[in-house]
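Residue numbers (the working numbering): 1 to 170.
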Amino acid sequence: MALVQRDRCNTAHLPLYTTVLVSLCQTMISLSDYKHAKGLLLLALKHSPTEYCKDTRANICQLLGQCCLHLRQYRKCWKYLYSALCYYESLPSSNWKMKSLAQVHLYISYLCLHLGHVSQAIEHSGLALDLVEVLSVDKENVTPEITRLYTDTKNMTLGLYSTLTLYVDV
C-alpha cells in the first residue's frame with residue numbers, strides 16, 4: 001500500500017497524509033472495523049509530529065482509545081484516552097476543545113463502567129455532561145453532533161445513577 005509507506009512520503013505532505021489516514025479510520029470505525037482502524041491510527045500517530053499538531057494527536061489518541069475500548073484492550077484504551085485528555089487540556093479554549101473533552105470523558109466513563117468502577121464512571125460522565133451543557137447554552141452554535149453528544153452523555157449519566165441506586169437499595 002503506497003499510502004502507508006513513509007519513506008516515499010515527503011515530510012511536507014505529512015499533515016495531509018495524517019488527515020487522510022484519520023478520515024479513513026473514522027469511516028472504518030463507523031463500520032465497526034476497529035482492528036484495522038487501530039492499525040492505521042497507530043501509523044497516523046507515528047507520522048504526526050509531537051512538537052506541533054497537538055489537536056491532531058489528541059484526535060488520533062481519542063480514536064485509538066475508542067478502538068481499544070471496542071477491542072476490549074482496556075489498558076491501552078486508558079493510555080490513549082489519558083493522552084488525548086492531556087493533549088486537549090494543553091490547547092487554547094474553544095467550543096471544539098470543550099466538545100472533544102466531553103467526548104473523552106464520556107469514553108473514560110464507558111471504560112470505567114466496563115472495569116466495574118461505577119463511581120469513577122459517574123464522575124467522568126458528570127464532567128462530560130457539564131461540558132456539553134455549557135456548549136448547549138449557545139443555541140445558535142449547537143450542531144447535530146453536540147445534540148447527539150448531549151443525548152449520549154445525559155443517557156449515560158442517568159443510567160449510571162440508576163445503577164448506583166439499584167446497588168444502594170439492595
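Just so you know, even glycine gets a beta-carbon here, dropped at the ideal spot from N, CA and C.
Quick caveat: nothing in here was measured; it's all calculated off a predicted structure.
Within 10 angstroms of its Cβ, does residue i collect 16 or more other Cβ (buried), or is it exposed?
i	result
H114	exposed
L85	buried
V104	buried
K38	buried
T157	buried
Do you know offhand how far residue i's Cα is from residue j's?
i	j	result
T163	T147	24 Å
L135	K46	32 Å
L101	H36	25 Å
V20	Q26	10 Å
Y34	K54	23 Å
G116	S109	10 Å
K99	T151	13 Å
L16	E145	24 Å
Q71	C112	According to the sequence shown, residue 71 is Leu rather than Gln. Straight-line Cα distance between these residues: approximately 15 Å.
Using 8 Å for Cβ pairs, my map puts residue i next to residue j. What's the rounded Cβ distance?
i	j	result
C68	C61	Rounded, the Cβ-Cβ distance is 10 Å, inconsistent with contact.
Y80	L64	4 Å
L149	S125	The pair is not a contact, with the Cβ atoms about 12 Å apart (cut-off 8 Å).
M155	N95	Per the sequence shown, the amino acid found at residue 155 is Asn instead of Met. So it is not a contact: roughly 22 Å between Cβ atoms.
V22	A58	Their Cβ separation, rounded to whole angstroms, is 11 Å, which puts V22 and A58 out of contact at 8 Å.
For residue i, which residues in the same chain have their Cβ closer than 6 Å to its Cβ, ignoring the five residues on either side in sequence?
i	result
L41	C25, I60, L63 and L64
Spatial neighbours of residue i within its chain, please: C-beta separation below 7 Å, excluding the five flanking residues on both sides.
i	result
T153	A102, L106, S125, A128, L129 and V132
Q66	I29 and Y107
S83	C61
Y88	A58, K97, S100, L101 and V104
T18	A44, H47, S48 and T56
C9	Below a pLDDT of 50, predicted positions are generally treated as unreliable, and C9, at 48, falls in that range; the measurement from the model is reported next regardless. Closer than 7 Å at the Cβ level, and outside the excluded window around C9, lie Y17.
Any heavy atom of the ligand ZN inside 7 Å of the beta-carbon of residue i?
i	result
L45	Although the ligand ZN was asked about, the structure shown includes no ligands whatsoever.
**Study point:** Contained alpha helix (DSSP H) runs [length at least 4] in the segment 48-89, N- to C-terminal order
**Key:** 54-70 and 74-89
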